[in-house]
Amino acid sequence: MTIEETAWIYILSYSGALGLILLGIIGMVISRHLIRIILGLMLLEAGVNLFLITIGYRANGVAPILVDGQVPAAIMVDPIPQALVLTAIVIGVAVQALALALVVKTYKAYGTLDTQELAEKIAQESGTRIVDGIPVSLPVPATRQLVEEKSA
Amino acid sequence: MNAIWLVALPLLGAFLLPIIYRRSTMLGYWTGPFILLVNLAIAFEIWRSITPEQGPHSIAMGGFKAPLGIVFYVDKLALLFIIMVVLGTLILWLGNKIGKIREETLLLLIVGGSCGLALSGDLFNIYVFYEIVAVASYGLAASRGTGAGYAASLRFLILSALGSSLLLLGIALIYAVTGTLNLSHLAELAPEHLNNTVGLVAFALMLIGLGVKAELFPINTWVPEVYATAPPRVSALLGGIISKLALLVILRFLVLIYADNTEAHLLLLNLGILGVISGELAALRATDLRQVLAYSSIAQLGLVAIAFAIPGPAGIMAGTALALHHAIVKPALFMFIEAWGGQLSRLAGAAKVSMLNSILFLVLTLSLVGIPPLPGFWAKLLLLKGALALENSWYIFAIAIVLIATVIETAYFIRIARLMFQHDKPEKPVSALESRELAPALALLGLLLFSALAVGPIGKSLTAVASEAADKNVYIEHTSPVFHESFKSSTKP
Chain A
1 MTIEETAWIY
11 ILSYSGALGL
21 ILLGIIGMVI
31 SRHLIRIILG
41 LMLLEAGVNL
51 FLITIGYRAN
61 GVAPILVDGQ
71 VPAAIMVDPI
81 PQALVLTAIV
91 IGVAVQALAL
101 ALVVKTYKAY
111 GTLDTQELAE
121 KIAQESGTRI
131 VDGIPVSLPV
141 PATRQLVEEK
151 SA
Chain B
1 MNAIWLVALP
11 LLGAFLLPII
21 YRRSTMLGYW
31 TGPFILLVNL
41 AIAFEIWRSI
51 TPEQGPHSIA
61 MGGFKAPLGI
71 VFYVDKLALL
81 FIIMVVLGTL
91 ILWLGNKIGK
101 IREETLLLLI
111 VGGSCGLALS
121 GDLFNIYVFY
131 EIVAVASYGL
141 AASRGTGAGY
151 AASLRFLILS
161 ALGSSLLLLG
171 IALIYAVTGT
181 LNLSHLAELA
191 PEHLNNTVGL
201 VAFALMLIGL
211 GVKAELFPIN
221 TWVPEVYATA
231 PPRVSALLGG
241 IISKLALLVI
251 LRFLVLIYAD
261 NTEAHLLLLN
271 LGILGVISGE
281 LAALRATDLR
291 QVLAYSSIAQ
301 LGLVAIAFAI
311 PGPAGIMAGT
321 ALALHHAIVK
331 PALFMFIEAW
341 GGQLSRLAGA
351 AKVSMLNSIL
361 FLVLTLSLVG
371 IPPLPGFWAK
381 LLLLKGALAL
391 ENSWYIFAIA
401 IVLIATVIET
411 AYFIRIARLM
421 FQHDKPEKPV
431 SALESRELAP
441 ALALLGLLLF
451 SALAVGPIGK
461 SLTAVASEAA
471 DKNVYIEHTS
481 PVFHESFKSS
491 TKP
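Protein chains in written order, with the working numbering: chain A, 1 to 152; chain B, 1 to 493.
Listed below in structure tokens is the structure:
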């Protein structure tokens, strides 16, 4: 392949990685459904992995494997990012499995996967209320009154 | 003794624990503390072997030399944090219920991961240990087994997983620019390759990633939720002890890779300032003891971040002192939330219920605020002295914020103290602490009072630790002899 042809591989691969990362983060931020948030997380991790692989890519490179103790004549791709990605994929799978297990447990407890409904139900359960998205203990002025009575 | 055992023993113990529990419950119950005690002995032994003449040393995994192999760098700063983790976990083990196999397994995993995090001299290795600590802490956060606990743990997981993906992205960026993951090799290449926008972006990404655990400003929303639902021991461990390890890694990056990069220091400084303000104000507004402690922990970690953002040994010394002090006081305070959690108004007249508990609480909070004879004062004084010495307007601003925050902190703790001591007719009195919660709190208080008496020697050894850790040439010299030569020849002319 000529230089121009390999340049396209880099451009496509890097923009793919960047796109996946942005898509993942946007997905995690804007969705309210827990499963979709976890899907966003998966996209993000895939994007980071693709980015790592692209770093190690060399144009016209061969797999970095010694045959009969001989170094291949052609250029080899960088093996370190491949080793890193392998580890990162395994960690990612484990974390996603744990996340899904927690989703199942949460669904069994509250019967919803919508983050906003979930927050309200939890707040009701613990006797707090949601003010501007922050759980606040009820009743707020009680403590202050108590303190003022004491000082008076 | 080899420092590898500090990581290997807890990991081995974690995997063997379920098998030992099948044989005998009592044997299983004592396995964890035994491993931690051995770990503590090894850590002290290595600490003693690091003399000023010999200096720190490094261990190459499997005999592969840096930069190809993975290196553990053993210096006094890392050992200090390891002793903090192991001793803290051991104290929190006091009065633990028998038969909690899962929690004990995760505790050992978290100790092993944290020791690795403190020792590792390789970027990707740091990522792996960070994930071990993170996964173990998700499990611990959900270990109460309530619905709210699962939901809080899930939110923690999502935020933390987002963070560690960004950490990996930052590491990938650094690898793309320099082609190495070894910290001492990076320390050498950084002035040339990473003192630019790409380096700063990589630092920001890694800061966000590690900041989730370190409770840094924008990514700490999990803190109040998790600490409100998790068992007190878990809150104590995560908030008081494990969060410091992430800050230690950030400090290593700053010292080794971004030593000349002022923007990187200012980034951490600003996140620290925002953490202090937001944490203290939220704690002032909170009406629940659990939330007060959670927000105050965010603010205290902000203080440590401010200290670590001060370049040079003064910052490291102040940050380490603040971190160690907080690691003693906050776990002890978290022991109170099982009995005293909930509305602050419940605490009215607590002194009438148990004078000992109230005085214990008061002494701990006074030290947290920084009242002179207690160690918290010296830690804050070190921070102020370190920041003032720089004569940089950003750091002067940070001092102003720290002082204002201290006033706010005093206000809300004194408010609680007044409720406890000045009210004599409790309507719904809180119960006194159970002995199994009082035991760790008293042990930590003993440690606090001991350090108050031994301020002189502690300060002296902290100075030695900080000056050793602040010099990146010492790090390079002791991790990679090959690059050490090239480094000397490149800096001589």
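C-beta atoms are modelled at their ideal positions from N, C-alpha and C, and glycine is treated no differently.
Quick caveat, the model's predicted, so the values are computed rather than measured.
Round the Cβ separation of residue i and residue j to the nearest angstrom and send it over; I've been treating them as touching at under 8 Å.
{"i": "N195 (chain B)", "j": "N261 (chain B)", "result": "6 Å"}
{"i": "A172 (chain B)", "j": "I55 (chain A)", "result": "6 Å"}
{"i": "S297 (chain B)", "j": "K330 (chain B)", "result": "6 Å"}
{"i": "H478 (chain B)", "j": "P56 (chain B)", "result": "5 Å"}
{"i": "E103 (chain B)", "j": "L140 (chain B)", "result": "7 Å"}
{"i": "L248 (chain B)", "j": "A305 (chain B)", "result": "Not confirmed; about 12 Å, so no contact."}
{"i": "L293 (chain B)", "j": "I337 (chain B)", "result": "7 Å"}
{"i": "L267 (chain B)", "j": "L207 (chain B)", "result": "7 Å"}
{"i": "P231 (chain B)", "j": "S143 (chain B)", "result": "6 Å"}
For residue i, which of helix, strand or coil comes out of DSSP?
{"i": "N392 (chain B)", "result": "coil"}
{"i": "V67 (chain A)", "result": "strand"}
{"i": "Q54 (chain B)", "result": "coil"}
{"i": "I59 (chain B)", "result": "strand"}
{"i": "S489 (chain B)", "result": "Caution applies to S489 (chain B), whose pLDDT of 45 falls short of 50 and renders its modelled position unreliable; the model cannot decide the point."}
{"i": "R144 (chain A)", "result": "In this prediction, R144 (chain A) has a pLDDT of 46, which is less than 50 and means its spatial position is unreliable; what the coordinates show is noted afterwards. Residue state, collapsed to three classes: helix."}
{"i": "H33 (chain A)", "result": "strand"}
{"i": "V107 (chain A)", "result": "In the sequence as displayed, the identity of residue 107 (chain A) is Tyr instead of Val. Residue state, collapsed to three classes: helix."}
{"i": "M335 (chain B)", "result": "coil"}
{"i": "F96 (chain B)", "result": "Position check: residue 96 (chain B) holds Asn in this sequence, whereas Phe was assumed. N96 (chain B): coil per DSSP, three-state reduction."}
{"i": "M42 (chain A)", "result": "helix"}
{"i": "V77 (chain A)", "result": "coil"}
{"i": "S120 (chain B)", "result": "strand"}
{"i": "Y175 (chain B)", "result": "helix"}
{"i": "Y73 (chain B)", "result": "strand"}
{"i": "N473 (chain B)", "result": "helix"}
{"i": "V62 (chain A)", "result": "strand"}
{"i": "N196 (chain B)", "result": "coil"}
{"i": "N182 (chain B)", "result": "strand"}
{"i": "A411 (chain B)", "result": "helix"}
{"i": "Y10 (chain A)", "result": "helix"}
Compare the Cα-Cα distances from residue i to each of the options and report the closest residue.
{"i": "L116 (chain B)", "options": "B:V74, B:Y150, B:G147 and B:L106", "result": "Correcting the residue type first, residue 116 (chain B) is Gly in the shown sequence and not Leu. With distances taken between Cα atoms, G116 (chain B) lies closest to B:V74."}
{"i": "T25 (chain B)", "options": "B:E53, B:V38, B:K97 and B:I91", "result": "B:K97"}
{"i": "I158 (chain B)", "options": "A:L102, A:A119 and A:Q116", "result": "A:L102"}
{"i": "P52 (chain B)", "options": "B:I476, B:E468, B:S451 and B:T479", "result": "B:E468"}
{"i": "K460 (chain B)", "options": "B:G446, B:Q422 and B:A321", "result": "B:A321"}
{"i": "I174 (chain B)", "options": "B:A161, B:L266 and B:E192", "result": "B:E192"}
{"i": "V455 (chain B)", "options": "B:V465, B:G376 and B:E477", "result": "B:G376"}
{"i": "E120 (chain A)", "options": "B:G13, B:A148, B:L140 and B:V128", "result": "B:A148"}
{"i": "Y57 (chain A)", "options": "A:L100, A:L44 and A:V85", "result": "A:V85"}
{"i": "L251 (chain B)", "options": "B:L183, B:P372 and B:V407", "result": "B:L183"}
{"i": "N125 (chain B)", "options": "B:I46, B:M61, B:L108 and B:L462", "result": "B:M61"}
{"i": "S126 (chain A)", "options": "B:V276, B:E225, B:L462 and B:F421", "result": "B:E225"}
{"i": "G302 (chain B)", "options": "B:H185, B:L123, B:G240 and B:F129", "result": "B:G240"}
{"i": "V38 (chain B)", "options": "B:R23, B:R22, B:A283 and B:L9", "result": "B:L9"}
{"i": "W378 (chain B)", "options": "B:P232, B:Q54 and B:A318", "result": "B:A318"}
{"i": "I273 (chain B)", "options": "B:F253, B:L390 and B:A307", "result": "B:A307"}
{"i": "S15 (chain A)", "options": "A:M42, A:F51, A:L43 and A:G24", "result": "A:F51"}
{"i": "E4 (chain A)", "options": "A:N60, A:E117 and A:G27", "result": "A:N60"}
{"i": "P33 (chain B)", "options": "B:I50, B:F44, B:R22 and B:G13", "result": "B:G13"}
Indicate, with yes or no, if the ligand GTP has a heavy atom lying under 6 Å from the CB of residue i.
{"i": "S184 (chain B)", "result": "Here there are no bound small molecules, and the ligand GTP is not part of this structure."}
Could you list the residues in the region 123-137 of chain B with a C-beta less than 7 Å from some C-beta on chain A, going in chain order? F124, V128, E131 and V135
Is there contact here, the region 314-321 of chain B with the region 353-370 of chain B, by at least three beta-carbon pairs under 8 Å? no
Short-range partners of chain A found in the region 277-304 of chain B, where Cβ spacing is below 7 Å: T287 and D288
Indicate whether the contact test is met: 3 or more Cβ pairs, each with one atom in the region 72-79 of chain A and one in the region 30-40 of chain A, closer than 8 Å. no
Would you list, in chain order, the members of the region 83-95 of chain A that have their beta-carbon closer than 9 Å to a beta-carbon of chain B? Within the region 83-95 of chain A, those residues whose Cβ lies closer than 9 Å to any Cβ of chain B are, in chain order, A83, L84, T87, A88, I91, G92, A94 and V95.
Does the structure place the region 439-450 of chain B close enough to the region 88-105 of chain B that three or more beta carbon pairs sit under 8 Å? yes
What residues from the region 141-158 of chain B come within 7 Å of chain A, judged by C-beta to C-beta, listed N to C? So the close ones are A142, G147, A148, Y150, A151, S153, L154, L157 and I158.
Interface residues of the region 166-197 of chain B facing chain A [CB-CB below 7 Å]: Of all residues in the region 166-197 of chain B, L168, L169, A172, Y175 and A176 have a Cβ within less than 7 Å of some Cβ in chain A.
Would you call the region 343-351 of chain B and the region 278-298 of chain B in contact, with 3 or more CB pairs under 8 Å? yes
Taking only beta carbons into account, state which residues of the region 44-58 of chain A come closer than 7 Å to chain B, listed in chain order. Cβ contacts with chain B: L44, E45, V48, F51, L52 and I55.
Could you run through the region 103-129 of chain A and flag, in chain order, every residue whose CB is less than 7 Å away from some CB of chain B? V103, K105, T106, A109, Y110, L118, I122, E125 and S126
Closer than 7 Å between beta carbons: that is the criterion. Which residues of the region 218-237 of chain B meet it against chain A? none
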